[in-house]
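Quick note on the numbering used here: the sequence shown kicks off at 420 and runs consecutively. We put the beta carbon where it would ideally sit given N, CA and C, even for glycine. Just so you know, these numbers come straight off a predicted model, no measurement behind them. In what follows, a single structure is set out as structure tokens and then discussed.
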Amino acid sequence: MGKYNFRDKYEGLDESIDNVAFFSALSATAYDQRIRSVYTRTNPAKSHGVVDLKRNSGVTKNVFSGGIHTGSIVTEASANNNYLHMVGSGMDSTIWNKSVNAYGEGSSWQNSLYFYNMTVNQISQSIYRTGYTFVRCAIYSDLLGTKHSCKLYAKTHTNGGNSFINVPDSVLSNTNLDLYDNSKVTILSSHVSNYRNNFVAFNDCEFKIGAETEYKALKGNTEEELRADFVGRCEAQSIAVANVTDMGETMKQGKWIFSKNSCVDGLVKKDSALHNYEKRHLVYFGYSFDRSDAIGITSDKSKPASFSPAYGNSSLTITDGSIALASNIDVSQAVAGECATNIIWLGGKYQLNKLNIINNLPVDQGVLIDSTLSLSSVEVNKDGGVVPYSNGVHRAYIVRSKDDQEAKVKYNGVTYSSAIISRNNIFNGVAGVTSFVPETSNAIVYEVLDKVLHPTVQMRIVNKIPSGAIASGSLQAGYWYFVEPKLVSDASGSLTYNGITYPAYSSFVAEAGKSTFSLTGNVQLRRCWKDLYNENDSDTTDKAFWQNEQKPKWFDVLPNDLRCLMSLNNAQQAEMQRDKAGNYIASGHPDFYNSVLAMSGNPGELAFPIKGAFMQLRLKITTQNPI
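Pasting the structure below:
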């Protein structure tokens, strides 16, 4: 396998015409504006520290890897406007902690900074003739600037089409299509009268209306009950609530919608009360247009299409609605948590477009959901283990400590430290220097494998499962079984196994010594695949069936890029393309973007959407990958 590469497509980026530079949180190559063109996908500049992006005029686009980016950027506008675009790898991947030092001349020259697809924490903003625009960003503080399609976790200005999430002191703005989720919202008389023609959505919010002295939730559960309580509380404060008509529907404050349990972290659930309102009024609320099927997180292993403790390891705690590192985990130590879903039937949809893995792990605990290693697991030999610069590619190495103390090594005459605060913990291999000297006995060095820090998840997906319903008999230990309705239009009935009742569309792994089951109603049982599937093992069950089919093998994929390579570069083939080790190649595989981008010089491989009928997901949460 090759090295991981940056994606082939980024927000508003056309490398054939744009002035582009790439930056990595795990690079050791210092940035120099004078030779900007050398900072390519295979030679990204280091993003930490001071990055001087002085352009003076024109447009530059800067692509940032996953991970935390610290320090500052410097830019200057003179004689013309200066446009800087900071393009991240995703809200849950790229974390911006850099301050901005922007300078301008005269009375009109301006720096315009654009941020895309990243989490933006509190930063020191320069405002001297500088404008900010945030698009598809998660923002945790009151930042100046225009915001579109953002997740906002603090009271701040909005330009509409954003989601406010868990904000303790929200105040409405004169904008359209904002969504307030699990927030405390102050409602004034002027809001009700002046903003009544704005579309605004509220989910599981508490309100302080008029002269009320405390925030309280609305009473009721349905859209009608919640609206009636809102109107009643307004009228009790002598606030008149007018009828508003839209799309043939007349209601009090009719362009506002109140709901419960309609969102997850600012994203509207498919077929929820809020989504049904959107469909009636032809609008979308919040930061995303996605209205997806939910994958549950539950303590009940019988719930269909869900994560549960039954399929996770002890490093994680799985409760209703939450997957977290266990309370006894020290995130400063090497820990790997893992959990998987049961089998998910895709409802005949067949093609996957996106997986929205909503989490706050990078911000809250400093770890990523990532199934691939960013660092080699093999220690670099101090005598001859460093690979020098070759073929235009720098091999990068990171210094770590074997204990809780600072570690140091000297390479090519320069001392490098494990201390993150110094940001001098990564070095590049250089020609003619293959060894380093430990300056402390606790020093250990690893090669950096993934400078892009792609946050991957694992998936296995098949087009079909072995035919034949199982009405009775013994189950095979270690195999997955799926409770299938005999008719899609009638999902009544259930299966009982090992004392647990499984409804239609649920699934389970048969246990050793527990082979009997019973069926009730309109369901049947189907054998799917062995949990520890290995096409080369001696087990002959269904071996002939899987011979010419997409196999239930785990592979790595980026949740926001569900593409793969197909065998023979042909969409009509049954299986994905494999690497030399037999692994399927999807967007989380090192060879994927290298192939699509034709890095070898051969014609680029075609990327195809991932398709299938039955699927499992697996999340790996590790403290071993630096962010």
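- Taking all protein chains in view, the Cβ of A1000 is surrounded by fewer than 16 other Cβ atoms within 10 Å, so the residue is classified as exposed.
- Here D739 is near S718, since their CB atoms are less than 7 Å apart.
- By the Cβ rule, the segment 855-874 does not count as touching the segment 899-906, because fewer than three pairs are nearer than 8 Å.
- DSSP places A647 in the uninterrupted alpha helix (DSSP H) bounded by 642-655.
- Check the Cα spacing between F425 and each of G431, V457, P463, S435: the tightest is with P463.
- If you draw a straight line from the Cα of R455 to the Cα of I492, it comes to about 15 Å.
- Rounded to the nearest whole angstrom, the CA to CA distance from L532 to I542 is 13 Å.
- When the five nearest sequence neighbours on each side are left out, the beta carbons in the same chain lying within less than 6 Å of the beta carbon of K1039 are those of E757, S790, in order along the chain.
- Sixteen is the threshold: when 16 or more other Cβ atoms of the shown chains lie within 10 Å of the Cβ of F677, as they do, the residue is buried.
- N536 counts as buried, since no fewer than 16 other beta carbons sit within 10 angstroms of its beta carbon.
- Separation of the CB atoms of P874 and S512 is rounded to 5 Å, and the pair is thereby assigned contact status at 8 Å.
- Taken in chain order, the complete beta strand (DSSP E) segments of 3 residues or longer contained in the segment 839-906 are 845-847, 862-866, 876-881, 898-904.
- The beta-bridge partner set that DSSP reports for P1028 consists of R982.
- Straight across, the Cα-Cα distance linking R879 with V833 is about 46 Å.
- Buried is the label assigned to F618, since at least 16 other Cβ atoms lie within 10 Å of its Cβ.
- In the structure shown, S589 falls within a strand segment according to DSSP collapsed to helix, strand and coil.
- Taking 8 Å as the upper bound for CB-CB distance, E968 and V849 are not in contact here, some 49 Å apart.
- In this structure, DSSP gives V687 an extended state, which the three-state scheme calls strand.
- If you draw a 10 Å sphere on the C-beta of V586, you find 16 or more other C-beta atoms in it, and that means buried.
- Secondary structure remark: continuous beta strand (DSSP E) runs of at least 3 residues inside the segment 928-1006, in chain order: 936-939, 942-949, 974-976.
- Annotated three-state conformation of I492 is strand, per DSSP.
- Y830 counts as buried, since no fewer than 16 other beta carbons sit within 10 angstroms of its beta carbon.
- When C624, L868, A630 are compared, the shortest CA-CA separation from S608 is found for A630.
- With contacts defined as CB atoms closer than 7 Å, A692 and E643 fail to qualify as a contacting pair.
- In the displayed model, A923 falls within coil according to three-state DSSP, outside both helix and strand.
- Contact annotation, Q672 with V663: C-beta distance approximately 6 Å; criterion of less than 8 Å satisfied.
- Within the same chain, V539, C569, L571 come within 6 Å of I558 by CB-CB distance, once the 5 residues on both sides are set aside.
- Judged by DSSP secondary structure, N695 falls within the alpha helix (DSSP H) whose first and last residues are 692-700.
- H1008 sits in coil when the DSSP states are folded into three classes, being neither helix nor strand.
- In the DSSP assignment, the residues bridged to S443 are K465.
- Taking C-beta atoms as the reference points, K603 and Y769 fail to come closer than 7 Å.
- Using a C-beta cut-off of 8 Å, the segment 728-746 makes no contact with the segment 1014-1023, since fewer than three inter-stretch Cβ pairs fall below that distance.
- Assignment of S837 by DSSP, reduced to helix, strand and coil, places it in the coil class.
- In this structure I840 is exposed. Its beta-carbon is surrounded by fewer than 16 other beta-carbon atoms within 10 angstroms.
- One Cα belongs to Y900, the other to A826, and the distance between them is close to 51 Å.
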